[in-house]
Structures are given as C-alpha cells and as structure tokens.
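777 is the number of the first residue of the sequence shown in my numbering; add one for each residue after it.
Yeah, the Cβ is synthetic: ideal placement off N, Cα and C, and Gly gets one too.
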Amino acid sequence: MLSGGDYFKTDVCPNNFGGNTELANCDLSTLLNIGAEAEKRREDEFQKMMCNLEQVAKNNKLLHYDIRRKNAIIDSLKSQIDENNAIICNLKSEINKFKQKYIEAKNCNNYLYSMQPEIESMKAENNRLEQELEQLTWEYCEFQKSHSECPTEQENQNRINTINHFKKLIADAKKQIDASKQKINCLTETNEKLQKRICFISNEMKQICQKQVEKIKSYDDIICKLQIQLKN
C-alpha cells in the first residue's frame, strides 16, 4: 500500500499537470506559492484593467463636457451670426434709404443749380426796374418843376393827366419791383432750406452708417473670440 507522499508524487502530480515532471516533483508549498503568484498577477491585471476603465470613463466624461462646451459655443456663434446677418440686412435697408435720400438731395441740388440762372435774371430785372423807377421819379420831378404854373385850364388838366400817368407808371414799377423782390426772397429762402435739407440728410446718413459699422465691428470681434474658443 502506498503512503500519502508516494501517492502525491507518483499519481496526483502527473494526472493534474499533464505529465509535467517539473510540477510533479514540486511539493505542496511551492505549488501554493505558484498559485498565489498567478492569483496576484490576475489581481494586478484586474486592477490595471479597472484603472484603465476608470481613466477611459474619466476621459469620456471630459470629452462629453468638452463636446457640450463646444456645442454651446457653436450655438452662441450661430446666434451671433444670425444677429449679425440681421444687422447686415438692416444696414442694407439703411443703405437703400440713404441712396433714396441721396437721390432726393441730388435732385434738390440739381434744382438749385437750375434755379440759379432764373435768380440771376430776376436780380438783373429788379435792378433794371429800380433804375427805371429812379428815371421816372426824376422825370416826374422835372415835369413838376417845368409845369408848376399853367396859364390855361387845358394845360393844367394836361399837367394833371401827365402827373397821374407818371404816378401810375411809378406805382406799376414799384409793384413789379416788390413782386420781383418777393420772388427772389422766396427762391433764396427755398435755396437755404434745400441746402439745410441736404446737410441734414448727409449728416443723418453718416451717423447711421457709423453706428452700423461700429455694431458690425463689435459682432465681428465677438465672432472671432467665439471661433478662438471653438478651436481650443
């Protein structure tokens, strides 16, 4: 009958280790150590795998956070782009208004230039009428001097008729001069109003364009910052 040691060496080791004589000749403590080392290696590999999984989960979490951050930046950038597009549309509308007002101002300016010859002509006519008035006034005075005494009633009546005629000519001349002056003043006043209107339109359009340019520039700066954040 075999002893316990003989049984372990001759029968158990070969059967359990597939005929491996090196393991078969090992004692129990050595086998236990080998098993413990194998278990420790498995445990280390398991811990390493768990660390890798934790690192992957952490990286995945950071990646999701970065994706959400970049999505928020993209949404903000889209919002800024939409707002900028709205500003550009508004600017185009203002530019169209400016063009319309520019055409209006240009027409006003052309009207002013077209009125200049008429104004000059009326001034010349006014000067002529004033000279004619002076001449009539002088002739009237001379006539009064030369006909201060009339010997007959007929001559006296003729003198009165001539005086009345001179008075009528002088009155008509004054009316023409007054009408000419009034028209000149009206044209001059219109000229001044149109000049003020042109200046007002020009200043108004400059202010509108300046404001829109500054607003677009500020949004361009915001978009550049968002694009830099998006790249990071």
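query: According to the neighbour-count rule (16 or more other Cβ atoms, all chains shown, within 10 Å of its Cβ), is F874 buried or exposed?
result: Taking the sequence shown and counting its residues from 1, the one referred to as residue 874 is at position 98. Buried is the call here.
message: With three or more C-beta pairs closer than 8 Å as the rule, is the segment 845-863 touching the segment 929-943?
response: When C-beta atoms of the segment 929-943 are compared with those of the segment 845-863, fewer than three pairs fall below 8 Å, so the two segments do not count as touching.
message: Which same chain residues end up closer than 7 Å to K991 when comparing Cβ atoms and leaving out the 5 residues on each side of it in sequence?
response: Within the sequence shown, residue 991 is the residue found at index 215, counting from 1. If we look at K991 and ignore the five residues flanking it on each side, its Cβ neighbours are I863.
task: Could you check which residue in C1000, D997 and K987 has the C-alpha nearest to that of N866?
output: Indexing the sequence shown from 1 puts residue 866 at position 90. Here the closest residue by C-alpha is K987.
query: Do the CB positions of E896 and C985 come within less than 9 Å of each other?
result: Taking the first residue of the sequence shown as 1, we reach residue 896 at position 120. Taking the first residue of the sequence shown as 1, we reach residue 985 at position 209. Not a contact, by the Cβ cut-off of 9 Å.
- prompt: Mind checking T797: buried by the 16 CB within 10 Å criterion, or exposed?
  reply: As a first step, residue 797 must be located in the sequence shown, where it is residue number 21. Only weak support is given to the placement of T797: the predicted model assigns it a pLDDT of 48, under 50, and the value that follows is read from those uncertain coordinates. With fewer than 16 other Cβ atoms within 10 Å, it is exposed.
message: Going by DSSP in three states, D820 sits in which element: helix, strand or coil?
response: Here the question's residue 820 lines up with position 44 in the sequence shown. Per DSSP, reduced to three states, the secondary structure at D820 is helical.
- request: Taking 8 Å as the threshold, find out whether the segment 966-982 comes into contact with the segment 900-919 through three or more Cβ pairs.
  value: no
query: What are the uninterrupted segments assigned as alpha helix (DSSP H) that are 4 or more residues long and contained completely in the segment 858-911, given in chain order?
result: none
- request: Kindly indicate which three-state DSSP category T797 falls into: helix, strand or coil?
  value: Position 21 of the sequence shown, counted from the first residue, corresponds to residue 797. In this prediction, T797 scores a pLDDT of 48, lower than 50, which makes its location untrustworthy; no coordinate-derived value is stated.
query: Taking the alpha-carbon positions, what's the K846 to V989 distance?
result: As a first step, residue 846 must be located in the sequence shown, where it is residue number 70. As a first step, residue 989 must be located in the sequence shown, where it is residue number 213. If you take the alpha carbons of K846 and V989, they lie about 29 Å apart.
task: Express the C-alpha separation of N967 and I946 in angstroms, rounding to a whole number.
output: Taking the first residue of the sequence shown as 1, we reach residue 946 at position 170. Taking the first residue of the sequence shown as 1, we reach residue 967 at position 191. The straight-line gap from Cα to Cα measures roughly 31 Å.
message: Counting beta carbon pairs with one atom in the segment 947-967 and one in the segment 838-852, are three or more of them shorter than 8 Å?
response: no
message: Alpha carbons only, please: which of A833, D803 and A881 is nearest the one belonging to C975?
response: Along the sequence shown, one-based indexing puts residue 975 at 199. Distance check between C975 and each of A833, D803 and A881 places A881 closest, using alpha-carbon atoms only.
message: Beta-carbon within less than 8 Å of L963's beta-carbon, same chain only, minus the 5 sequence neighbours each way: which residues are those?
response: Along the sequence shown, read from residue 1 onward, the residue named residue 963 stands at position 187. Same-chain partners within the cutoff: M891, E894, I895 and M898.
- request: Give a yes or no on whether the C-beta atoms belonging to I960 and N903 are separated by under 9 Å.
  value: As a working note, residue 960 is residue 184 in the sequence shown. As a working note, residue 903 is residue 127 in the sequence shown. Their beta carbons are not under 9 Å apart, which means I960 does not touch N903 by this criterion.
- prompt: Pick from K921, A833, N836 and K957: whose alpha carbon is nearest that of L905?
  reply: Looking up residue 905 in the sequence shown gives position 129. Comparing Cα positions, the closest option is K957.
C-alpha gap between E830 and D820, whole angstroms: For the purposes of this step, residue 830 is taken as the residue at position 54 of the sequence shown. For the purposes of this step, residue 820 is taken as the residue at position 44 of the sequence shown. Those two C-alpha atoms are separated by around 15 Å.
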